[in-house]
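Input: a single structure, listed below in structure tokens.
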Amino acid sequence: MAEAPYDTVLQNFHMADGGPPGWRLALKNGRIAAILPVDPPTSQAGQSLELGGDLLLPGLVDGHMHLDKTLFGLPWTPHAAEPFRMSRIAPDAKLLPSLPLDTAGRAGALIGRCVAHGKAHIRTHADITPIFGLSALEGVLAAREAHRAAATVQIVAFPQAGVMRAGGKPMLDLLDAAIGAGAELVGGIDPCEVDRDPRGQFDGIFAIAEKRGVGVDIHLHEPGELGLFSLLEIRGRVGAHGMAGRATISHGFCLGAIAESKQKAAAEMMASCGVALVTHGAGSATMPPLMLLRRVGVRVFCGNDAVRDTWSPYGNADMLECASVIGWREDLCHDPLILELFSMVTSKDTAALGISDYGIAPGNPAHFFTIAAENIPDAIGAHPPRKRVFHAGRLMAADGIWSDAV
Ligand SMILES: [Zn+2]
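Numbering (my numbering), first residue to last: 167 to 572.
Have a look at this one:
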């Protein structure tokens with residue numbers, strides 16, 4: 167008997183770019199093999215799955231998480247942190263290792279929640295500090311391995327407690343070791359506010375990035391002109407180390423707090439030197455001018471940042487909800503703008519994360535989800551539970567619930 171041309175054929179769904187209803191999606195070996203018209207019917211498939219007319223969308227991308235800090239997997243834990251950034255770091259060093267569920271267990275629980283929301287790709291930071299050493303990274307690596315069939319996870323070696331203020335050379339050696347252990351990017355953090363030594367931090371982390379051939383992703387919370395100063399320093403290092411297209415600024419609150427003329431110049435500078443921005447729509451912080459950045463060619467993508475962790479009790483890891491909050495904050499109400507938001511949590515701008523073979527097209531990995539929505543603006547506005555989530559052609563979650571048994 168001849169081998170079936172497809173493992174699975176999905177039918178009765180609609181796609182965001184329209185087309186006649188009744189398209190079918192044929193899967194083979196974890197990839198999209200073909201998008202088929204409704205006629206003639208294909209009978210030679212391993213299984214046929216009816217999707218009830220739902221909207222089918224590509225897997226979501228979260229460009230900024232902290233899987234190692236989450237409290238998911240544990241009973242509700244009242245928030246206890248002080249409001250200041252540095253005052254949250256020291257308590258983490260005591261609290262996180264004392265929890266009844268280890269880093270791998272908590273990170274795994276959050277990955278499961280991400281997948282249930284239709285997420286296919288995650289970039290997470292993992293704390294690398296003198297106290298933690300590589301332990302948080304090792305926990306995230308274990309969670310990544312345990313869930314490799316359900317999502318891809320990219321890890322940034324993140325110096326949460328600073329670089330120069332956390333020891334300088336020994337701290338840089340730890341970051342270098344983290345890349346050797348499996349992290350894909352070198353992180354950085356507020357070189358002026360935290361380290362009070364921008365040259366020391368940037369010289370160190372960019373040297374590691376160039377030596378290891380990896381990208382950088384730098385937390386930049388510094389306000390206004392101070393943050394702009396750091397951004398210009400980053401621009402210089404990106405050029406000197408040939409890292410255009412492999413550098414990301416996380417947050418970039420400063421871009422929302424400088425004069426409009428400087429905003430445009432900073433945006434054009436970021437575009438010209440290939441520095442991307444990831445935003446999470448921070449509560450009380452100033453928002454970078456997302457649409458201005460995009461108009462001049464900066465790649466802008468979105469991330470959840472803290473999700474029910476020691477830094478914030480809020481969040482559920484849903485990128486459609488994240489996009490909805492950012493759209494609400496930025497007053498992005500017209501459909502074309504909401505479609506741009508969708509681009510920031512899916513394909514176009516998330517190419518800055520180095521994701522290739524992405525989207526609903528023959529030959530690409532079969533990462534997608536279905537949702538009871540008319541179109542993309544409806545999906546973002548209401549963000550109902552994901553009906554079905556597929557990763558590499560396999561059903562990973564249903565009705566918004568992750569299950570190892572699915
Ligand atoms: Zn962060």
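A virtual CB, placed ideally from N, CA and C, is assigned to each residue, including glycine. None of the values given here were measured: they were computed from a predicted structure.
Q | 8 angstroms contact criterion, which G390 and V360 should meet: CB distance rounded | A | Position 224 of the sequence shown, counted from the start, is the residue given in the question as residue 390. Position 194 of the sequence shown, counted from the start, is the residue given in the question as residue 360. Not quite, the Cβ-Cβ distance comes to about 16 angstroms (not below 8 angstroms), so this is no contact.
Q: Could you tell me whether the Cβ atoms of R474 and A315 are closer together than 8 angstroms?
A: By one-based count along the sequence shown, residue 474 stands at place 308. By one-based count along the sequence shown, residue 315 stands at place 149. For R474 and A315, no; Cβs fall outside 8 angstroms.
Q. Among the residues of its own chain, which have a CB less than 6 angstroms from the CB of R310, if the five just before and after it don't count?
A. Working through the sequence shown from its first residue, we reach residue 310 at position 144. Excluding residues within five positions, the ones whose Cβ falls inside 6 angstroms are V319.
Q: Answer yes or no: the CB of H291 versus the heavy atoms of ligand 1, is any distance below 7 angstroms?
A: Indexing the sequence shown from 1 puts residue 291 at position 125. It does: the Cβ of H291 is within 7 angstroms (strictly closer) of some heavy atom of ligand 1.
Q.
Among C280, H313, T476, F250, whose alpha-carbon lies nearest the alpha-carbon of L237?
A. Looking up residue 237 in the sequence shown gives position 71. Of the candidates C280, H313, T476, F250, the one whose C-alpha sits nearest the C-alpha of L237 is T476.
Q) In its own chain, which residues sit with a C-beta less than 7 angstroms from the C-beta of V572, not counting the 5 before and 5 after it? A) In the sequence shown, counting from the first residue as 1, residue 572 sits at position 406. Reliability fails at V572, whose pLDDT of 44 lies under 50, so the model's placement of it is uncertain and the value that follows must be treated cautiously. L561, M562, A563, A564, listed in sequence order.
Q | Same chain, Cβ closer than 7 angstroms to A410, neighbours up to 5 away in sequence not counted | A | Working through the sequence shown from its first residue, we reach residue 410 at position 244. Cβ neighbours of A410 beyond the five flanking positions: V404, C439, G440.
Q.
Taking 7 angstroms as the cut-off, is the C-beta of D501 nearer than that to any heavy atom in ligand 1?
A. Taking the sequence shown and counting its residues from 1, the one referred to as residue 501 is at position 335. No, since every heavy atom of ligand 1 falls outside the 7 angstroms radius drawn around the Cβ of D501.
Q: In the DSSP assignment, find the alpha helix (DSSP H) that holds L459 and state where it starts and stops.
A: Along the sequence shown, read from residue 1 onward, the residue named residue 459 stands at position 293. Unbroken alpha helix (DSSP H) run through L459: 456–461.
(Q) For N541 and L226, what's the separation of their Cα atoms in angstroms? (A) Taking the first residue of the sequence shown as 1, we reach residue 541 at position 375. Taking the first residue of the sequence shown as 1, we reach residue 226 at position 60. So the alpha carbons of these two residues sit roughly 15 angstroms apart.
Q. Going by other Cβ atoms of all chains shown within 10 Å of its Cβ, with 16 needed for buried, is F298 buried or exposed?
A. As a position in the sequence shown, residue 298 is number 132, starting the count at 1. Result: buried.
Q: Would you kindly work out how many angstroms separate the C-alpha atoms of A413 and V462, rounded to a whole number?
A: In the sequence shown, counting from the first residue as 1, residue 413 sits at position 247. In the sequence shown, counting from the first residue as 1, residue 462 sits at position 296. If you take the alpha carbons of A413 and V462, they lie about 17 angstroms apart.
Q | Delimiting residues of the beta strand (DSSP E) encompassing Q320 | A | The sequence position of residue 320 within the sequence shown is 154, counting from 1. That run of the beta strand (DSSP E) goes 318–324.
Q. What are the boundary residues of the alpha helix (DSSP H) that V404 is part of?
A. The count along the sequence shown starts at 1 and reaches residue 404 at position 238. 390–406 is the span of the alpha helix (DSSP H), which, as asked, contains V404.
Q: Name the residue from L202, H287, L398 whose alpha carbon lies nearest to the alpha carbon of E434.
A: Here the question's residue 434 lines up with position 268 in the sequence shown. Selected option, being the one with the closest Cα: L398.
Q. Should F250 be labelled buried (16 or more other beta-carbon atoms within 10 Å of its own) or exposed?
A. Here residue 250 is taken as the residue at index 84 of the sequence shown, counted from 1. Exposed: under 16 other Cβ atoms inside 10 Å.
Q: Taking the CB atoms as reference points, tell me whether G367 and G354 lie closer together than 8 angstroms.
A: Residue mapping note: residue 367 aligns to position 201 of the sequence shown, counting from 1. Residue mapping note: residue 354 aligns to position 188 of the sequence shown, counting from 1. What sits at residue 367 in the sequence shown is Gln, not Gly. Yes. Within cutoff.
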